[in-house]
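Right, one structure below, let's go through it.
Protein chains: 2
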Amino acid sequence: MSDTVKFLLGEREIPTHWVNLMADLPGEAPPPLHPGTKQPAGPDDLSPIFPMSLILQEVSVEPEIEIPEPVRDAYRLWRPTPLYRARRLERELDTPAHIYYKYEGVSPAGSHKPNTAVAQAYENAAAGIKKLTTETGAGQWGSSLAFACQLFGLECEVWMVGSSYDQKPYRRSMMQTWGATVHRSPSDRTEAGRAQSKHPTGSLGIAISEAVEVAAQDPSTNYSLGSVLNHVLLHQTVIGQEAIAQMEMAGEYPDTVIGCVGGGSNFGGLTFPFLRRVIRDGVKTQFIAAEPAACPTLTRGVYAYDFGDTVGLTPLMPMYTLGHDFVPPPVHAGGLRYHGDSPLLCGLVKGGLVTPRAYRQNETFEAAVRFARSEGIIPAPEPAHAIKAVIDEAQAARESGEQRVILFGLCGHGNFDLSAYDAYLAGELEDPEFSEADLESALASLPEAPALT
Amino acid sequence: MSDTVKFLLGEREIPTHWVNLMADLPGEAPPPLHPGTKQPAGPDDLSPIFPMSLILQEVSVEPEIEIPEPVRDAYRLWRPTPLYRARRLERELDTPAHIYYKYEGVSPAGSHKPNTAVAQAYENAAAGIKKLTTETGAGQWGSSLAFACQLFGLECEVWMVGSSYDQKPYRRSMMQTWGATVHRSPSDRTEAGRAQSKHPTGSLGIAISEAVEVAAQDPSTNYSLGSVLNHVLLHQTVIGQEAIAQMEMAGEYPDTVIGCVGGGSNFGGLTFPFLRRVIRDGVKTQFIAAEPAACPTLTRGVYAYDFGDTVGLTPLMPMYTLGHDFVPPPVHAGGLRYHGDSPLLCGLVKGGLVTPRAYRQNETFEAAVRFARSEGIIPAPEPAHAIKAVIDEAQAARESGEQRVILFGLCGHGNFDLSAYDAYLAGELEDPEFSEADLESALASLPEAPALT
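Sequence lines, in order, name chains A and B. Here the first sequence is numbered in the numbering used here, starting from 214 and rising by one per residue. Here the second sequence is numbered in the numbering used here, starting from 214 and rising by one per residue.
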């Protein structure tokens, strides 16, 4: 039997609509709150930094939203992405489980992030906006937005977390090659940045504050976020829709779907189309959200209203949070170092539909090397968390002798993370623990707001 | 009309055979010569370092050679690769020319190199070999062979050119992640390395000498070369065969086919299937081989017998050469820094079927940035040479008002070359000239051998 089993769709099978899970969720979701008045935030509160078309997507309860043709056209640059059966990994694990992965690393920026970047750049360009600002950690999101802005003729200005700016110059060069301007955050260009000059290494929360501040001051400039918000997760549902069609080609349906979680866009993009079937049709599927033990938002956070950024410029969002002051240890999975999480995803965890699990850095790299040596693709540190969960599940299947079908999201390649692999292979990779004391102090800074049940 | 035009083949359209252009070349090709006796080298002279199956491919005059099923199965990991029409670039250049590119950067190692790496690893494993040695410059070839050895259960030992080993640690980490052992060359593990300790930055020629020496001493260890030899170019012809099928889907046929040339495997892989049509059917097609002005083998070298390595362990090959002592300036297109070239390709240049052109480093990066900002893919510095030639041709077409169809090989992405982009964007990229004095001194070291006509 063939070792390589790949399922490819034709271009016509790029989804025509995004799946809006909001339409299928039972009950009313708690609304975001205005950071000043603590009253429910309406579309007008968001209009200084987002175009109305994206705000309407953010609050829409339509079950499906049509993908504009220029966005589908940009998707054609790398979509549909392949789905693989990991037969070499199955053999390496000696498991009866069938393991599938959906690979988003084939995009020009190397991850799933361009799925929403091109949608956001298109809508802003259509609204007459000239420039987008954003933040980026390790650089996956910033480079995706730089790429998308170039396609739609927008300027792009990125605040990059200081520690990553210093340590990972190549993602910065990538953004600049695509024509973006990149600032080290905290910068002296914003009030938020100047106020945080005591934290020279920066954080995602600070960089968000800087980018939002600049966008709010100029009517022709908007802000763009790479995760957390409903419309961002919405755009990512092309992943799960393609995966459903490809699993049909494979003649199987997943018992378990696994993804890593930072802000939730990769996880939501893969799982929401499958979750809709659970909610609508009662299909039985297990969903595992894999996060870093060093930033255990879903497994150790509290469910409460909190700011999305450090300074407190964004609306208060209902989510599992470690507190907006929480600064996670510098694990290499930069895309998972966020104090909060998508409110939509948090509601699903709260409701028991999604099971979170946390993993230490070294065990995720062990899993990633095992994957690279069997399947040939070197994963980014973020999906390495999903791979660790997959290997655990596959080994459980071997022990129980159970034939299971596991699908996971391989949301990006690790070409820019090889220094981390180097440290792991040399036995020098740090394995930071979560600090209870840091959590307690960060939770003490939670804003006053109505309690969530 | 759509901006993104991509032509995809199904897996069944992965070629079943490699195209052996040897069968169609007029006249007798000058044979390689034994480095000691200067007599034609036979299969037995190569058997200490290559398996007989690859030696037979090397000397075969069969027009097509079947691809073993396990090799096709490994190809399925990333093949067929996409062919794009560069409509955004055409608009940027305001040219009537239609520009197409075949993109090999979707392989796990990020270039065309795995096409031959998996074929060579398979044949060696089938012959009972336990370990492959090789050399690598910037790391594209070494990482491809590390990947392929992992797939077929072989050990892999790589000598990496010292300057690249120091400057480009990420390709080294990539090889190690795939389980290979990597040595800095010149190393103290070989006689060749110890003899060259006066050249601490190393060269491709020295690294080849080291890898060949180790392979020749151990019957269970063979050597693997990533370019130059007939069987290597043969394996790469999957590129051109797919491109022909994809151009048919596009309803066009190229007037001009362009590729970059280091040792010739990318160029041969793309062009040989098209060249066979020129030779067999009299199809009119122009072929342009783009090389660096800092290492202008085809445009400034002499056509003579020379060694493939620095120390003089390999057979003498009939080729355009700058002399095996020539050490090119450290341009970022590490894959193009080789003193010689594929004898097959050199014969085609000699016969006037292929036109070589040389470009300076800065003009190739200017072309690469222009491409990245229109098409969204950041090219490796090697194919940036082809892009420079494409832009020149497209601008000539605009000036003459001529509608031309241009196809080029985008043989790899630039994810590991962003420091070079950084230097270019900062205006700090070196633009080394070719040194006539260096050439004269290197040509003085050409071995005594029969003259070529």
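In this text, a Cβ means the ideal position worked out from N, Cα and C, and glycines have one as well. Keep in mind that this is a model prediction, so the values were computed, not measured.
May I ask which residues mark the beginning and end of the alpha helix (DSSP H) holding residue i?
i: B/P669; result: Residue 669 of chain B falls outside the range modelled here, since chain B spans only 214 to 666, and no answer is possible.
i: B/W354; result: 353-365
i: B/I280; result: Here B/I280 belongs to no alpha helix (DSSP H), and DSSP marks it neither H nor E.
i: B/D651; result: 649-656
i: B/M388; result: 382-390
i: B/F487; result: 478-494
i: A/R407; result: 404-408
i: B/T329; result: 327-339
i: A/V445; result: 443-463
i: B/L421; result: In the sequence as presented, Leu is not what sits at residue 421 of chain B; that position holds Ile. Element bounds for B/I421: 417-430.
i: A/Y313; result: Counting along the chain, A/Y313 falls outside any alpha helix (DSSP H), though it belongs to the beta strand (DSSP E) covering 311-316.
i: B/L631; result: 631-638
Find the nearest neighbour of residue i within the set the options, judged by alpha-carbon distance.
i: B/E275; options: B/P281, B/V232, B/P309; result: B/V232
i: A/E643; options: A/I278, A/A546, A/Q608, A/L623; result: A/A546
i: A/M373; options: A/A599, A/H598, A/G418; result: A/G418
i: B/F263; options: B/I312, B/L620, B/P253, B/N435; result: B/N435
i: A/A599; options: A/Q252, A/C624, A/Y551; result: A/C624
i: B/A254; options: B/A517, B/D237, B/V272; result: B/V272
i: A/A664; options: A/E368, A/R301, A/Y516; result: A/Y516
i: A/L561; options: A/S215, A/F220, A/L234; result: A/L234
i: B/L511; options: B/F485, B/T484, B/C473, B/R490; result: B/C473
i: A/P321; options: A/V331, A/Y313, A/P541, A/K315; result: A/V331
i: A/K326; options: A/S613, A/A340, A/Y288; result: A/Y288
i: B/R285; options: B/V451, B/H412, B/T346; result: B/V451
i: A/Y634; options: B/P382, B/L345, B/G366; result: B/P382
i: A/G482; options: A/L447, A/I471, A/I501; result: A/L447
i: B/S437; options: B/R586, B/L652, B/L549, B/A359; result: B/A359
i: A/V445; options: A/P542, A/D554, A/M387; result: A/D554
i: B/G366; options: B/E277, B/Y637, B/A334; result: B/A334
i: A/S433; options: A/F629, A/K344, A/Q252; result: A/K344
i: B/A607; options: B/E279, B/I312, B/Y518; result: B/I312
i: B/V540; options: B/T294, B/P413, B/Q454; result: B/P413
Considering residue i, what are the terminal residues of the beta strand (DSSP E) in which it resides?
i: B/S398; result: 394-398
i: A/Q499; result: 499-505
i: A/I262; result: Element bounds for A/I262: n/a, residue is neither H nor E.
i: B/V374; result: 368-374
i: A/V470; result: 469-473
i: A/Y516; result: 515-520
i: A/R157; result: Residue coverage of chain A in this structure runs from 214 to 666, which leaves residue 157 of chain A outside it and unanswerable.
i: B/Y436; result: 434-436
i: B/T347; result: 344-349
i: B/W231; result: 230-232
i: A/V618; result: 618-623
i: A/K219; result: 218-220
If I'm right that residue i touches residue j with Cβ under 8 Å, what's the distance once you round it to whole angstroms?
i: A/A655; j: A/D538; result: 5 Å
i: B/L364; j: A/G589; result: 6 Å
i: B/E370; j: B/L267; result: That pair is no contact at about 18 Å.
i: A/L222; j: A/A458; result: 6 Å
i: B/I492; j: B/D237; result: 5 Å
i: B/P509; j: B/F647; result: 6 Å
i: A/F220; j: A/P295; result: 7 Å
State yes or no: is the beta carbon of residue i nearer than 9 Å to at least one beta carbon in chain D?
i: B/G223; result: Given the protein chain composition of this structure (A and B), no chain D is represented.
Proximal residues, the stretch 347-375 of chain B versus chain A, C-beta separation under 8 Å: Listed in sequence order: F360, Q363, L364.
Against chain A: residues of the stretch 576-604 of chain B by CB proximity under 7 Å: Residues of the stretch 576-604 of chain B with a Cβ closer than 7 Å to any Cβ of chain A, in chain order: V582, A585, R586, G589, I590, I591.
Unbroken stretches of the alpha helix (DSSP H), 4 residues or longer, contained in the stretch 527-592 of chain A: For the stretch 527-592 of chain A, whole alpha helix (DSSP H) runs of length 4 or above, ordered along the chain, are 556-563, 574-588.
Contact list for the stretch 377-403 of chain B against chain A, Cβ threshold 7 Å: Those residues of the stretch 377-403 of chain B placed with their C-beta closer than 7 Å to a C-beta in chain A are P382, Y383, S386, M387, Q389, T390, W391, G392, ordered along the chain.
Interfacial residues, the stretch 629-658 of chain B to chain A, with Cβ spacing under 8 Å: Correct list: F629, L631, S632, Y634, D635, L638.
Interface positions of the stretch 279-291 of chain B facing chain A (Cβ-Cβ less than 7 Å), listed along the chain: The stretch 279-291 of chain B vs chain A, Cβ under 7 Å: D286, A287, R289, L290.
Interfacial residues, the stretch 320-347 of chain A to chain B, with Cβ spacing under 8 Å: Of all residues in the stretch 320-347 of chain A, P321, G323 have a Cβ within less than 8 Å of some Cβ in chain B.
Residues within the stretch 436-465 of chain B neighbouring chain A, beta-carbon criterion of under 9 Å: Hits within the stretch: zero.
Interface positions of the stretch 216-250 of chain A facing chain B (Cβ-Cβ less than 9 Å), listed along the chain: For the stretch 216-250 of chain A, the set of positions with a beta-carbon nearer than 9 Å to some beta-carbon of chain B reads D216, T217, V218, K219, L221, G223, E224 in chain order.
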